[in-house]
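Using my numbering, the first residue of the sequence shown is number 142, and each one after it goes up by one.
Reading through the C-alpha cells given below for one structure.
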Amino acid sequence: MNFDLTDERQMLQDGLRRYLNDAYSANARAAIEDAETGFSAEIWNGLAEMGVIGALFREEDGGFAGEGFDLALVFEELGRIGAVDPLIDTAVLGGGLIAELGSGAQKEMIEAVISGAAHLAFAHGEPTSRFDLSRVETAAKKTANGYMINGRKAVVVNAPSAETLIVSARTSGKASDADGISLFIVPTNADGVTLRSYSVVGGGLAAEVILNDVTADLLGNEGTAHDAISQVTARATLAICAEALGLMESIKMLTNEYLKTRKQFGVPIGKFQALQHRLADVLIEIEQARSAVINLAGHIDATPEVRDLHVSATKNLIGDAARLVVEEGIQMHGGIGMTMEYELGHLAKRLTMIDHRFGDTTFHLERFIELAVG
C-alpha cells in the first residue's frame with residue numbers, strides 16, 4: 142500500500158508548514174495568550190486565504206477536499222506548531238453539521254466559515270453527559286415562532302468567539318435516548334443566552350452556556366440529529382488524534398535536540414544508553430500512533446459500526462502514547478521542561494488536554510470492547 146501524499150496534499154502540507162512556522166513566532170504566541178478571542182485573527186484569516194479551511198469541506202459543500210486524509214494532514218501540521226486556532230469547533234463540528242443537515246440559507250453559512258468570516262461552536266455536552274453523545278437533557282418545545290430551548294451546556298469550546306451556536310436539544314424521548322435529539326441554530330447574542338467564559342488549559346477559550354427560553358431555528362429534521370452528531374464527532378476525533386500526532390512529533394524533536402546539546406560529565410547526555418532506550422520507546426509509540434491515525438483516516442467514511450470501532454481504537458492508543466511522550470519528554474529535559482518560557486510546556490499541556498475531548502482512554506477502551514464483542 143502506498144502511503145505517499147498526493148501532489149495536491151504535498152503542496153498543502155508544504156505551504157501550511159511554512160506559513161505556521163512563520164506565523165507562530167514567539168511574539169505571536171505572547172499576543173495570542175493575551176487575545177480576548179483566544180486565538181490570532183490574523184493567523185485565522187491567513188489560514189482561510191490559503192484554503193486550509195476549505196480543505197476540511199467536500200466539494201459538494203463548497204470546499205475542495207474534506208476526505209479523512211485531508212483532515213489528518215491539516216491537523217497534524219497544526220499540532221506540530223502547537224496551534225490553538227479553533228478549526229475543529231468552527232469547521233469540523235459546526236460547519237460539518239450544517240453541511241450534513243442544513244438547507245437553503247443555512248447552507249450559506251458554510252461559505253462564511255470557509256472564507257474565515259464566521260465562527261461557530263457546537264453546544265452539545267452537558268454537565269451530566271460525560272462523553273455520551275445520546276445523553277441530552279436540554280429541552281426544546283415547538284411554538285408559534287419556531288422552537289424554545291431551555292437547558293445548560295458545558296465546556297463549549299470557542300463559544301466566547303463564535304457568532305453562532307449549534308445547540309442540541311431534546312424534542313422527544315428520555316434523557317439517554319438516541320432518538321429525539323434535534324439541532325438548532327442560535328446566535329450567541331440571542332435573548333436568553335448566557336455565556337460564562339474561561340480559558341482552556343491547552344489554549345483557547347470555552348464557556349458554560351445557559352439557555353433560558355431561547356427562540357431558535359431548527360437545523361435538519363426534528364428528532365433525527367444523533368447520526369449526524371456521531372459522524373461529525375468521529376471526524377473531529379480523527380482531527381484531534383492527528384493534532385496529537387503532530388504535537389508528539391514536536392516533543393520528540395525538542396527532546397532529541399536537548400539530548401544532543403545538554404552535557405553532563407563532559408559529554409552530551411544523549412550518549413547515555415539509558416536515555417537512548419527511553420527515546421527509542423518514544424519513537425516506537427509515535428510510529429504506532431501514526432499508523433493508527435492513518436488507519437482511522439481510511440475508515441472515517443465507513444459504516445457507523447466499523448467507523449466507531451476504529452475511532453475508539455485510535456483514540457485509546459493516542460491517549461496512551463501521548464501520556465508516555467509527555468512524561469518522557471519532561472523527565473528527559475529535567476527542570477527546563479517544567480518552565481512556561483520553554484516551548485515544551487505549551488506542547489505538553491495541549492497534548493495532555495487532548496485526552497479529555499471526545500472521550501478519554503478509559504471511555505474508548507470500554508467502547509472498543511463493547512463494539513468488538515457486540
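Just so it is clear, CB atoms sit at the ideal spot from N, CA and C, and this is done for glycine as well.
Can you give me the C-alpha to C-alpha distance between residue i and residue j, rounded to a whole angstrom?
i      : j      : result
SER391 : LEU379 : 19 angstroms
LYS294 : LEU437 : 29 angstroms
MET191 : VAL355 : 37 angstroms
LEU261 : SER309 : 14 angstroms
SER432 : PHE180 : 30 angstroms
ALA430 : ALA462 : 7 angstroms
LEU400 : ILE290 : 56 angstroms
ASN353 : GLY439 : 42 angstroms
SER340 : ALA347 : 6 angstroms
PRO228 : ARG271 : In the sequence under discussion, the amino acid at residue 228 is Leu, which differs from the Pro named in the question. Approximately 22 angstroms, taken between the alpha carbons.
ARG448 : HIS505 : 13 angstroms
VAL373 : VAL233 : 7 angstroms
GLU468 : ASN286 : 54 angstroms
ARG376 : VAL434 : 12 angstroms
GLU511 : HIS451 : 13 angstroms
ASP163 : GLU183 : 12 angstroms
GLU482 : GLU507 : 38 angstroms
TYR165 : SER338 : 25 angstroms
ILE410 : LYS404 : 5 angstroms
ASP442 : LYS490 : 31 angstroms
GLN417 : GLU200 : 47 angstroms
GLY478 : ALA415 : 19 angstroms
LEU161 : THR503 : 33 angstroms
ALA513 : ARG464 : 25 angstroms
LYS248 : PHE413 : 58 angstroms
TRP185 : THR147 : 25 angstroms
ASN168 : ALA176 : 12 angstroms
THR178 : GLY333 : 22 angstroms
ALA331 : TYR288 : 13 angstroms
GLU398 : ASP501 : 31 angstroms
LEU458 : ALA385 : 11 angstroms
GLU174 : VAL466 : 25 angstroms
Taking the CB atoms as reference points, tell me whether residue i and residue j lie closer together than 8 angstroms.
i      : j      : result
PHE516 : ILE381 : Residue 516 lies beyond the residue range present for the chain, which begins at 142 and ends at 515; the question has no answer from this structure.
ILE194 : GLY257 : yes
ARG311 : THR279 : yes
ALA172 : ASP202 : no
LEU485 : ILE495 : no
ILE427 : MET389 : yes
LEU359 : PHE325 : yes
PHE198 : GLY236 : yes
VAL327 : ALA357 : yes
ALA253 : ALA259 : yes
VAL296 : GLY266 : yes
VAL423 : LYS393 : yes
LEU306 : VAL215 : no
GLY223 : HIS487 : yes
VAL350 : ALA264 : yes
LEU516 : THR396 : A question about residue 516 goes unanswered here, because the residues of the chain that appear run from 142 up to 515.
ALA303 : THR335 : no
GLY364 : SER313 : yes
Could you tell me if residue i is buried or exposed, where buried requires 16 or more neighbouring beta carbons within 10 angstroms of its beta carbon?
i      : result
VAL298 : buried
ALA213 : buried
GLY460 : buried
THR402 : exposed
PRO268 : exposed
ASP492 : Reading off the sequence shown, one finds Leu at residue 492, where the question assumed Asp. By the 10 Å Cβ count, LEU492 comes out buried.
PRO301 : buried
GLY476 : exposed
MET250 : buried
ARG276 : buried
PHE144 : exposed
GLY515 : exposed
ILE255 : buried
ASP230 : buried
VAL342 : exposed
VAL408 : exposed
Rounded to whole angstroms, how far is the Cβ of residue i from the Cβ of residue j, which I believe are closer than 8 angstroms?
i      : j      : result
GLY387 : GLU218 : 6 angstroms
HIS367 : ALA316 : Not a contact, Cβ separation roughly 13 angstroms.
ALA383 : GLY220 : 7 angstroms
PHE210 : ARG150 : 7 angstroms
PHE406 : SER453 : Incorrect: roughly 46 angstroms between the Cβ atoms, too far for contact.
ALA196 : LEU153 : 6 angstroms
Does the ligand MG have even one heavy atom less than 7 angstroms from the beta-carbon of residue i?
i      : result
GLU200 : Ligands displayed in this structure: none; no statement on the ligand MG is therefore possible.
Worksheet entry | Contained alpha helix (DSSP H) runs [length at least 4] in the stretch 222-261, N- to C-terminal order | Counting whole runs of 4 or more residues, the stretch 222-261 contains the alpha helix (DSSP H) stretches 237-242 and 249-255.
Practice prompt. Jot down the residue ranges of each uninterrupted alpha helix (DSSP H) in the stretch 357-406, minimum 4 residues, whole runs only, in chain order.
Written response: Within the stretch 357-406, complete alpha helix (DSSP H) segments of at least 4 residues are found at 367-402, given in chain order.
Worksheet item: Which runs of the beta strand (DSSP E) spanning at least 3 residues fall entirely within the stretch 287-344, listed in chain order?
Response: Correct list: 287-298, 305-311, 322-328 and 334-340.
Worksheet entry | Entirely enclosed alpha helix (DSSP H) segments - the stretch 408-457, minimum 4 residues | Segments of the alpha helix (DSSP H) lying fully in the stretch 408-457: 414-440.
Discussion item. Please give the ranges of any alpha helix (DSSP H) in the stretch 159-208, keeping only runs that are unbroken, at least 4 residues long and fully inside the region.
Written reply: Segments of the alpha helix (DSSP H) lying fully in the stretch 159-208: 167-175 and 182-191.
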